[in-house]
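Peer 1:
There are 2 protein chains.
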Amino acid sequence: MTPKIAHFLSSSSPATPCLVLDLDRVAENYAALQTAFPRARIFYALKANPARPILERLVALGASFDAASWEEIELCLAAGATPDRVSFGNTIKKAASIRRARAAGIDLFVFDSIEELEKIAGNAPGARVFCRLVVATDGAAFPLARKFGTGTDMALELMQRARELGLVPYGLSFHAGSQQTAPDAHEAAIGQVAMLFDDLEKSGIKLGMINMGGGFPTRYHEEIPPIAHFGQRIGHALDYHFGNDMPEIFVEPGRFLVGDAAVVESEVVLVSHRSKTDPVRWVYLDIGRFGGLSETEGEGTKYRITTPHDGGADGPVIIAGPTCDSADTLYEYTSVHMPLALRAGDRVVIHATGAYVTTYATTGFNGFKPLDEHYL
Amino acid sequence: MTPKIAHFLSSSSPATPCLVLDLDRVAENYAALQTAFPRARIFYALKANPARPILERLVALGASFDAASWEEIELCLAAGATPDRVSFGNTIKKAASIRRARAAGIDLFVFDSIEELEKIAGNAPGARVFCRLVVATDGAAFPLARKFGTGTDMALELMQRARELGLVPYGLSFHAGSQQTAPDAHEAAIGQVAMLFDDLEKSGIKLGMINMGGGFPTRYHEEIPPIAHFGQRIGHALDYHFGNDMPEIFVEPGRFLVGDAAVVESEVVLVSHRSKTDPVRWVYLDIGRFGGLSETEGEGTKYRITTPHDGGADGPVIIAGPTCDSADTLYEYTSVHMPLALRAGDRVVIHATGAYVTTYATTGFNGFKPLDEHYL
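Each protein sequence line maps, in turn, to chains P and S. If you read the first sequence in my numbering, its first letter stands for residue 1, the second for the next number, and so on. If you read the second sequence in my numbering, its first letter stands for residue 1001, the second for the next number, and so on.
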């Protein structure tokens, strides 16, 4: 938690649940990423958090944007991004969305199948396209392999087909998985991409860009390697494979830029004992899986939670959300301890919740409104 | 799909994704439930779908309401329900919500722990309370056991404590699990409840109500027993245990009343082959897990999906939503076949989507707005 967030929480006691994000931390993360990848162009994957203040700050910093839909493209443009700084980065696009994007001046579209490629050709004639490859994503908390990407053989044909369709075969992308904690997957993928660059050049197609996706980790409970470590290893792999013929390098961070820039403040609704003999207490918060903490599904993301009583005697707890839905249980099999002094009405802080929280909130399951958002 | 829904879809081609619900079907389900349980008072669990037209129709039919939050109570009152027809049915309530509910005239509160009981006593003095028991939920698609309810020993003490705290110990509740396809769990629970009624009477507490929760099933793919079957078996168990000293009987259906009253219409965004050799196509719809089809988590709820090409040659598919999130895959391990003629732009119908869809939709993950809703 940054000093600015701490001051806001203590001075204004906002209604809970709420998210409080420090825009300066986003700027610091942006600078750290640019330092680690000096030759990369940074596209913010706004699906992580599309709040206007974040977009405006990143526009001012010179960032580009990776949009998942026409609606996200509109958000970028409204925040001041020029169309040349927006990539339509979803391999699944409605024809109408492609047309709207093209009419708005977007000139960068991803695909991973012949069907999508033909749809782009029909609705954004002449556009620059890049093909998403499927790569190994070992080491990632959220691998993305099965739903997206195509193999290198298919990619070769698709890029040739793109040219036949009057599109500009512009580059290749891959995604090493979200919350990826090691650069090995990137290194392996860069080798694959380099071979494909070579093969395509032999068929007369000179590509100009590698999009390495996002997935750079933010810190939850476990230590993660510094971003400089990724930059060094990945930079070395790029030099090795591309030397003096370096293409443009794109990265698409979402979580990395905003994840640790925010906290969620939540009120404890109930602390209960389920029987006289069971030492485990149930702690119910006013935010749960349906209020935005969706990434706790399968107890995947283990958020750090602090309380006003930390340091005192503690004991094991199960943590759940406020809805009448048993799936709305955050941590039941994960070992979590909380102070014995914790009571209903206490406020707790859930750390590193800047990414993939506000947008996952439901419209109002059980009547609970989406969490408030404060951008400082 | 009812004729009214079919006519609406064919005549107005609404923007997709959208939910279309037939209020007459809700009324029919209400009547069928009342016939199956002639002595029960029906509380609609509005978390399943809190749309105003549904609430107004049910108010007109004489229904009562099971609300999960103060916000849901407000919805009931705004739709014309009097406070005596609203139960605050969430075991996890903020103190402020209890106070507001009490001030609005609500006189029925659930609890399952001493902590919640004391919170009710402090914020709704003198209110009627009922204690939720944990019971076996074998046979349910969504068991609810671990998060809610207390054992019979504890319940006995809690009801005595309720009296000491100046509350009215009014009844006992249980929930046999959501989408429960057999009445065995209800029968066993009624036996448990009867013994507890006896034990409490010995200590001078005469209870007046059994709340059997909801969980009655709606039809997705598999055949389900008719509601009359539940009514008969459960009625018999009540007669056996309570005879001429029958307490008030409450039921709290959500899914049963609205589940099969609506369909979702969705547009196919992309049908793609991932390689030349794999016969499995990926079918991407414009609604997925984050657009409201949350109950497909773990491929739990298997919705029936129909297409304009049904009857033609088909083949295996994987079905996914439109977002850049691999968790947004609906059916990958479930065997689903769809027509080979299916193309991007086709409209498909997802059946029995009246319950737990609109409220699970996210506020806008990937920029996609929540689905439109039409109530006929």
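The beta-carbon is built from N, C-alpha and C at its ideal position, and this holds for glycine as well.
Output needed in chain order: residues of the segment 316–330 of chain P with a Cβ under 9 angstroms from some Cβ in chain S.
Peer 2: ILE318, ALA320, GLY321, PRO322, THR323, CYS324, ASP325, SER326, ALA327, ASP328 and THR329
Peer 1: Taking the continuous beta strand (DSSP E) assigned at THR323(P), which residues delimit it?
Peer 2: Translated into the one-based positions of the first sequence, residue 323(P) becomes position 323. THR323(P) -> no beta strand (DSSP E), and no H or E assigned at all.
Peer 1: Using only the alpha-carbon positions, how far apart do ARG132(P) and PHE1365(S) sit?
Peer 2: Counting from 1 along the first sequence, the entry for residue 132(P) is found at position 132. Counting from 1 along the second sequence, the entry for residue 1365(S) is found at position 365. Looking at the two C-alpha atoms, the distance is approximately 21 angstroms.
Peer 1: Listing by chain order, which chain P residues have their CB less than 9 angstroms from the CB of GLU1115(S)?
Peer 2: As a position in the second sequence, residue 1115(S) is number 115, starting the count at 1. Going along chain P in sequence order, the residues near GLU1115(S) (Cβ under 9 angstroms) are LEU270, VAL271, SER272, HIS273, ARG343 and ALA344.
Peer 1: Tell me, please, whether the segment 189–198 of chain P touches the segment 320–335 of chain P by the rule of three or more beta-carbon pairs shorter than 8 angstroms.
Peer 2: no
Peer 1: Classify ARG1057(S) as buried or exposed, calling it buried when 16 or more other Cβ atoms lie within 10 Å of its own Cβ.
Peer 2: The sequence position of residue 1057(S) within the second sequence is 57, counting from 1. When all chains shown are included, ARG1057(S) counts as buried.
Peer 1: Looking only at DSSP bridge pairs, what is PHE111(P) linked to?
Peer 2: Residue mapping note: residue 111(P) aligns to position 111 of the first sequence, counting from 1. Per DSSP, CYS131(P).
Peer 1: Between the Cα of GLY1311(S) and those of THR1358(S), ILE1287(S), PRO1370(S) and LEU1340(S), spot the shortest distance and give me the residue it belongs to.
Peer 2: Against the second sequence, residue 1311(S) aligns to sequence position 311. Ranking THR1358(S), ILE1287(S), PRO1370(S) and LEU1340(S) by Cα distance to GLY1311(S) puts LEU1340(S) first.
Peer 1: With contact counted as at least three CB pairs below 8 angstroms, one residue from each stretch, are the segment 251–268 of chain P and the segment 337–355 of chain P in contact?
Peer 2: yes
Peer 1: I need the boundaries of the alpha helix (DSSP H) containing GLY1171(S), first residue and last residue.
Peer 2: In the second sequence, the residue the question calls residue 1171(S) occupies position 171. Per DSSP, GLY1171(S) belongs to no alpha helix (DSSP H); it is in the beta strand (DSSP E), 1168–1173.
Peer 1: Skipping 5 residues on each side, what residues in its chain have a beta carbon closer than 7 angstroms to that of HIS1402(S)?
Peer 2: This structure cannot speak to residue 1402(S), because chain S is shown only from 1001 to 1376.
Peer 1: Examine chain S for any beta-carbon lying closer than 8 angstroms to the beta-carbon of PHE365(P), and answer yes or no.
Peer 2: Stepping through the first sequence from its first residue, residue 365(P) is reached at position 365. It does; some Cβ of chain S falls within 8 angstroms.
Peer 1: Here's the rule: buried if 16 or more other CB atoms are within 10 angstroms of the residue's CB, otherwise exposed. What is ARG219(P)?
Peer 2: Residue mapping note: residue 219(P) aligns to position 219 of the first sequence, counting from 1. By the neighbour-count rule (16 or more Cβ atoms within 10 Å), ARG219(P) is not buried but exposed.
Peer 1: Closer than 9 angstroms, Cβ to Cβ, to anything on chain S: give me those residues from the segment 240–266 of chain P, in chain order.
Peer 2: Flagged: no residues at all.
Peer 1: Specify whether the segment 67–75 of chain P and the segment 1357–1376 of chain S touch according to this definition: at least 3 beta carbon pairs, one from each stretch, less than 8 angstroms apart.
Peer 2: In short, these stretches touch, since the Cβ pair count reaches three.
Peer 1: Please determine if the segment 293–310 of chain P and the segment 1007–1026 of chain S are in contact, where contact requires at least 3 C-beta pairs separated by less than 8 angstroms.
Peer 2: no
Peer 1: Measuring CB to CB, does ILE1092(S) end up less than 8 angstroms from PHE1109(S)?
Peer 2: Position 92 of the second sequence, counting from 1, holds the residue named residue 1092(S). Position 109 of the second sequence, counting from 1, holds the residue named residue 1109(S). No.
Peer 1: Determine the chain S residues that contact ILE190(P) at a beta-carbon separation under 7 angstroms, and present them in chain order.
Peer 2: If you number the first sequence from 1, residue 190(P) lands on position 190. Here the premise fails: no neighbours, minimum Cβ distance about 22 angstroms.
Peer 1: Please determine if the segment 1225–1236 of chain S and the segment 1035–1047 of chain S are in contact, where contact requires at least 3 C-beta pairs separated by less than 8 angstroms.
Peer 2: yes
Peer 1: Find out if the Cβ-Cβ distance for the pair PRO1083(S), ALA1096(S) is shorter than 8 angstroms.
Peer 2: Translated into positions along the second sequence, residue 1083(S) becomes position 83. Translated into positions along the second sequence, residue 1096(S) becomes position 96. Cβ atoms of PRO1083(S) and ALA1096(S): not closer than 8 angstroms.
Peer 1: Against PRO1286(S), what residues of chain P qualify as contacts under a CB-to-CB distance less than 8 angstroms, listed in chain order?
Peer 2: Taking the first residue of the second sequence as position 1, residue 1286(S) is located at position 286. The residue asked about is misnamed: residue 1286(S) is Asp in this sequence, not Pro. In chain order: LYS94.
Peer 1: Can you give the beta carbon distance from GLU373(P) to THR16(P), rounded, assuming they're within the 8 angstroms contact cut?
Peer 2: Numbered from its first residue, the first sequence carries residue 373(P) at position 373. Numbered from its first residue, the first sequence carries residue 16(P) at position 16. 12 angstroms between Cβ atoms; not a contact.
Peer 1: I'd like to know if PHE290(P) contacts chain S, where contact means its C-beta is closer than 8 angstroms to some C-beta of that chain.
Peer 2: What you label residue 290(P) is simply residue 290 of the first sequence in a count that begins at 1. Chain S, which has a Cβ nearer than 8 angstroms to the Cβ of PHE290(P), makes this yes.
Peer 1: Mind checking whether the beta-carbon of ALA1155(S) lies closer than 7 angstroms to any heavy atom of the ligand SAH?
Peer 2: For the ligand SAH, the structure offers nothing, since it holds no ligand at all.
Peer 1: State the Cα-Cα distance for the pair ARG1255(S) and PHE88(P), rounded to the nearest angstrom.
Peer 2: As a working note, residue 1255(S) is residue 255 in the second sequence. As a working note, residue 88(P) is residue 88 in the first sequence. Rounded to the nearest angstrom, the two C-alpha atoms are 38 angstroms apart.
Peer 1: Going along the chain, which residues of its own chain have a beta-carbon closer than 7 angstroms to the beta-carbon of PHE1079(S), five neighbours each way excluded?
Peer 2: Sequence index remark: in the second sequence, residue 1079(S) carries index 79 (1-based). Looking at the sequence shown, residue 1079(S) is not Phe but Ala. Answer for ALA1079(S): ARG1052, LEU1055, GLU1056 and VAL1059, listed in chain order.
Peer 1: If you draw a straight line from the C-alpha of VAL1419(S) to the C-alpha of GLU1222(S), how long is it?
Peer 2: Nothing can be reported for residue 1419(S), as the shown portion of chain S is limited to 1001 through 1376.
Peer 1: State the Cα-Cα distance for the pair ALA101(P) and LEU1021(S), rounded to the nearest angstrom.
Peer 2: Locating residue 101(P) in the first sequence gives position 101, where the first residue counts as 1. Locating residue 1021(S) in the second sequence gives position 21, where the first residue counts as 1. Spanning the two alpha carbons is a distance of roughly 33 angstroms.
Peer 1: Using three-state DSSP, classify TYR360(P) as helix, strand or coil.
Peer 2: Along the first sequence, one-based indexing puts residue 360(P) at 360. Note: TYR360(P) maps to helix in three-state DSSP.
Peer 1: Measuring alpha carbon to alpha carbon, tell me which of ALA1081(S), ASN1123(S) and THR1150(S) ends up nearest VAL1134(S).
Peer 2: The residue you call residue 1134(S) lines up with position 134 of the second sequence. Per the Cα distances, THR1150(S).
Peer 1: Under 8 angstroms by Cβ, that's how I've got THR1377(S) and ALA1182(S) pegged, so tell me the actual separation to the nearest angstrom.
Peer 2: With chain S covering only 1001 through 1376, there is no way to say anything about residue 1377(S).
Peer 1: Under 8 angstroms between beta-carbons, which chain S residues line up against ASN29(P)? List them in chain order, please.
Peer 2: Working through the first sequence from its first residue, we reach residue 29(P) at position 29. Per Cβ cutoff of 8 angstroms: no residues; ASN29(P) is ~20 angstroms from chain S at best.
Peer 1: Taking the alpha carbon of GLN192(P) as the point to measure from, which residue in ASN90(P), MET212(P), SER178(P) and GLU72(P) has its own alpha carbon closest?
Peer 2: In the first sequence, counting from the first residue as 1, residue 192(P) sits at position 192. It is MET212(P) whose Cα lies nearest to the Cα of GLN192(P).
Peer 1: Output yes or no for whether 8 angstroms exceeds the beta carbon distance between VAL1251(S) and ILE1042(S).
Peer 2: Within the second sequence, residue 1251(S) is the residue found at index 251, counting from 1. Within the second sequence, residue 1042(S) is the residue found at index 42, counting from 1. Their beta carbons are under 8 angstroms apart, which means VAL1251(S) touches ILE1042(S) by this criterion.
Peer 1: Determine the chain P residues that contact LYS1047(S) at a beta-carbon separation under 9 angstroms, and present them in chain order.
Peer 2: Residue 1047(S) sits at position 47 when you count from the first residue of the second sequence. Ordered by position in chain P, the residues that pass the 9 angstroms Cβ test against LYS1047(S) are THR323, CYS324, ASP325, PHE365, ASN366 and GLY367.
Peer 1: So who's on the other strand from GLN180(P), going by DSSP bridges?
Peer 2: Looking up residue 180(P) in the first sequence gives position 180. Note: GLN180(P) is bridge-paired with ALA140(P) in the DSSP secondary-structure output.
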